[in-house]
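What follows is one structure encoded as C-alpha cells, with my remarks underneath.
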Amino acid sequence: MNEQINVKKQLKISIPIAFENLINILMTLVDTLVISLVGTKELSALGAMAVILNIMQMGIQTINVSNNTLIAKALGEKDNEKLKLFTGNSILLSLALSILIILLIFVIHPVFPVLFKVDKIANTYLIIRLLGFIQSSLVTVLSGHQRTIGNQKSILKLRIFAVILNLILDIIVVKMGYGIVGVALVTVFIDTILAIYLGIFSRKNVKLKFVKSYFKEILHLFRWNFVERIASRVDNFIFNLIVARMGNLEYSVHVILIQIADIYESFIQGFGDGITISVGIASGKQDHKYLNNVKMVAKKIVNYASVILPFIIFIISIVIMNISLREPQLQYIFFRVIPLFLLGTYITMSATYYFAILRGNRDFKFLAKRNIISSIVKILVSTLLSYTSLGIVGVWIGYLIYGIVQKYLSKKRYQDLKY
C-alpha cells in the first residue's frame, strides 16, 4: 500500500470486501428463502424481526466503521501499536454495548408482534437470536479489523464457508420440522464458530487493553456515526411498518425486495469501504498526491460499476421472485415496484464515491446531518403516498427520493470542501 494506487490495486482492496459483505448478507437471505418455503406467516415474522435485528446491530456496526477509519489512519502512520489498541478498545466497547442491547430488547420484545401485526413466533425467533448477539458483535469488529489491515481474502473465504454451512443446516432443520426456530439456532451456532475462529486468528494483531485516550477517540467518531446510522435505521423501521400495515401480500413482496436491497447495499458498502481504507491511509500518510490518485481511480471504478450493477440485480431479483413469489398476485406487486428498485440501485452505486471519500476523511458529523434530512424526506413522502392509489409503489417512490437527496447532499459537501 506504499506505492501509488491504480485500478487493479484498488479493486484488490474493494472487491474482496464487497463480496465479503455480500456473502454476509446472503446468510440472512438464505434464511428468508428457506422460510419462504415454510409459509407466509413465518416469512412475515422473519422479515419483521430482521428489522429489529438491524437496529440492534447498528451500534456495533458504528463501532466497527469508527475503528476501521482509525486503524486505516494508523496504517498510514505505520503505528502498529496504535492499530492493535484501537481494535482492542473497540472490542471492549462492543461487549459493553451488546450486553445493554440484549437487556433492552429482552424487556420490550413482547410489543413487536403487535406492532408489526405478525405471529408471536417472531418473538421466539428473536429471543434465540439474542443468544448469539455478543458473538455476532465480535465477528463484526474483528472481521472489519482484518479487512482493513489487508486480510480481505481470508475473511472472504471465511464468509463463503459460513454461508454454505448456513444453507446446508437451514435446509436440514426445516426438513426436520423445526422451521423458523431451527433457522435461528443455526445462525447462533455459525456466529459462535466465527467468533471463536476470528478471536484466535486476531490474537497477534489486537491488544485488549483499555487506553482512555484511544477509547475517547473511538467514542468521538462513534457519536456522529451513531446518529448517522440511527437516522437510517429509524426510517427503515417506519418504512417497513408502513408496508406491514398494508397486508400480508404487500409485506411479503416488500420483505423480499428489502432483502435484495440489503444485498446490493452491502456490496456497495463493502466496495466503498475499500475506497475509504485507501483514503484513510492517505490521511495518515498526509500525502496529497496519493489521495488525489485514490480519488481518480475510485471515480473511474464507481462509474463503471454504476452501469453494470443494476443489470446484475435485475437478474437476481427475477430468480428470487420465481423461487419465493410464485403466486400471480405477488408477482404483480413485484413488477410494479421493480423499476423504482433498479433505479435506486443505480443512484446508490453512483453516490458511493462521495460517501466513501467523506467517510475516509472522518466527516461523520456531516453524514449524520445528511441522513437525518434524507430520512425525514423518505418518511414523509412514503407515508403520504401510501395513502394514495399508488400504495406500495408510493412507498418505494419515497425510497428512491431518499437516494437522490443523499447523493445531492454528499456531492455538494464534497465540492464545497474540495476533498
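Under my numbering, think of the first position of the sequence shown as 24, with each following residue one higher.
Where is the CB? At the ideal position from N, CA and C, for every residue including glycine.
Nothing here was measured: the structure is a model prediction, and the numbers come from that model.
Checklist entry - So, are the CB atoms of L7 and E251 less than 7 Å apart? => result Residue 7 is absent from the structure shown; the chain starts at 24 and stops at 442.
Item to check | Rounded distance between the beta-carbons of V428 and S397, thought under 8 Å | outcome: 4 Å
Item to check | Beta-carbon proximity check, N112 vs I241, cutoff 7 Å | outcome: yes
Item to check | the ligand NAD heavy atom lying under 6 Å from the CB of M72 | outcome: The ligand NAD is not part of this structure, which contains no ligands at all.
Checklist entry - Q158 lies in the alpha helix (DSSP H); which residues open and close that run? => result F156 to T171
Checklist entry - To which residues of the same chain is L423 closer than 8 Å at the C-beta, ignoring the five residues directly before and after it? => result L363, L366, G367 and I370
Next on the checklist: Using 8 Å for Cβ pairs, my map puts I151 next to L208. What's the rounded Cβ distance?
Outcome noted: 6 Å
Checklist entry - Just the Cα atoms here: how many angstroms apart are L115 and F139? => result 34 Å
Checklist entry - Exposed or buried, which one is N25 when buried takes at least 16 other CB atoms within 10 Å? => result Residue confidence is low: N25 scores 47 on pLDDT, short of 50, so the model does not pin down where it sits. No coordinate-derived value is stated.
Checklist entry - Of all the alpha helix (DSSP H) runs that stay within the bounds of the segment 382-428, which reach a length of 4 or more residues? => result 387-409
Next on the checklist: I need the DSSP call for L231, collapsed to helix, strand or coil.
Outcome noted: coil
Next on the checklist: For L408 and G421, which I take to be in contact (beta-carbon distance under 8 Å), what is that distance rounded to the nearest angstrom?
Outcome noted: 6 Å
Item to check | Residue burial classification, Y148 (beta-carbon count within 10 angstroms, cutoff 16) | outcome: buried
Checklist entry - Using DSSP with H/G/I as helix, E/B as strand and the rest coil, what is L108? => result helix
Checklist entry - If V234 sits next to L440, beta carbons under 8 Å apart, how far is it from one beta carbon to the other, in whole angstroms? => result About 31 Å separates the two Cβ atoms, so there is no contact after all.
Checklist entry - Does the Cβ-Cβ distance between T375 and I291 come in under 7 Å? => result yes
Checklist entry - Just the Cα atoms here: how many angstroms apart are V74 and T411? => result 25 Å
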